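J.: If you're matching them up, the sequences are chains A and B in order. Heads up, the first sequence stops at 121 in our numbering, and the numbers go up one at a time, no gaps. Heads up, the second sequence stops at 192 in our numbering, and the numbers go up one at a time, no gaps.
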Amino acid sequence: DGGITQSPKYLFRKEGQNVTLSCEQNLNHDAMYWYRQDPGQGLRLIYYSQIVNDFQKGDIAEGYSVSREKKESFPLTVTSAQKNPTAFYLCASSNRDWGEYFGPGTRLTVL
Amino acid sequence: GQQLNQSPQSMFIQEGEDVSMNCTSSSIFNTWLWYKQDPGEGPVLLIALYKAGELTSNGRLTAQFGITRKDSFLNISASIPSDVGIYFCAGQYSGRDMRFGAGTRLTVKP
Chain A
11 DGGITQSPKY
21 LFRKEGQNVT
31 LSCEQNLNHD
41 AMYWYRQDPG
51 QGLRLIYYSQ
61 IVNDFQKGDI
71 AEGYSVSREK
81 KESFPLTVTS
91 AQKNPTAFYL
101 CASSNRDWGE
111 YFGPGTRLTV
121 L
Chain B
83 GQQLNQSPQS
93 MFIQEGEDVS
103 MNCTSSSIFN
113 TWLWYKQDPG
123 EGPVLLIALY
133 KAGELTSNGR
143 LTAQFGITRK
153 DSFLNISASI
163 PSDVGIYFCA
173 GQYSGRDMRF
183 GAGTRLTVKP
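1. Establish whether the CB of Pro125(B) and some CB of chain A are separated by less than 7 Å.
2. When Cβ atoms are compared, which residues of the region 88-115 of chain A fall closer than 9 Å to chain B?
3. Check for me: the beta strand (DSSP E) holding Thr189(B) runs from which residue to which?
4. Kindly list the residues whose CB is nearer than 7 Å to the CB of Gly68(A), restricted to its own chain and excluding five residues on each side of it in sequence; keep chain order.
5. Around the Cβ of Ala130(B), are there at least 16 other Cβ atoms within 10 angstroms (buried) or fewer (exposed)?
6. Which residues of the region 49-67 of chain A have a Cβ closer than 9 Å to any Cβ of chain B? Give them in chain order.
7. Straight-line CA distance for Met180(B) to Lys24(A)?
8. By Cβ distance below 7 Å, which residues in the same chain neighbour Gly98(B) in space, the five residues on each side in sequence not counted?
9. Determine the contact status of Ala184(B) and Gly52(A), defining contact as a CB-CB distance below 7 Å.
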């Protein structure tokens, strides 16, 4: 079964700690994306990658970092520089213009 | 970045009623997409539209790509309780330029 997996589903961290969210896809998609969703709001793009070893900042990249060493994987690190990290994080992948397919999301709570 | 204008923000309807929601933009798009999100889950793609004027159905769902390429609507006919959720529109011009609406929260009363 092809799809996108994100782990863990729920994550709790203390303020000031970095945390890495996992995203893996076996759809053979070239492009991968990270979005942030806050309650009652739409999706805001954090980072995207259209090919291995290349990634670009989205609209709200400050305080986040990513890597794309493998086609299947696009981990997101939420650093201590992110002022308000508690949110629902969604990973997606796509093949160009055929729409984006989303993972189940990770809910990060910073205590 | 620019977001799409999606309306209404929320809807409360009776089971069996039809639903209509729409998205508008000041920019043109080459692709319009409609997603549904259940609480605590990722959005699921419902319908994708690739040509101006295109009308596409998926079961009880029908969506249209506006002729001006700046708008799209989604209709749900004969709503059922499992239609509850948040519906998002998304517009894409090319490559990475995809933008999302803020969502329409649908509540269906049995």
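All C-beta atoms, glycine included, are put in the ideal place defined by N, C-alpha and C. Computed from a prediction, not measured in an experiment: that's the story for all the values here.
T.: The answer reads as follows:
1. Under the Cβ distance rule, Pro125(B) counts among the residues neighbouring chain A, one pair being separated by less than 7 Å.
2. Residues of the region 88-115 of chain A with a C-beta less than 9 Å from any C-beta of chain B: Phe98, Leu100, Cys101, Ala102, Ser104, Arg106, Asp107, Trp108, Gly109, Glu110, Tyr111, Phe112, Gly113, Pro114, Gly115, listed in chain order.
3. 186-191 is the span of the beta strand (DSSP E), which, as asked, contains Thr189(B).
4. The beta carbon of Gly68(A) sits closer than 7 Å to those of Leu55, Ile56, Tyr57, Tyr58, all from its chain and outside the five residues before and after it, given in chain order.
5. When all chains shown are included, Ala130(B) counts as buried.
6. Here the close residues are Gly50, Gln51, Gly52, Leu53, Arg54, Leu55, Tyr58, Gln60, Gln66.
7. Whole-angstrom Cα-Cα distance: 33 Å.
8. Ala160, Ser161.
9. Yes, the Cβ-Cβ distance between Ala184(B) and Gly52(A) is below 7 Å.
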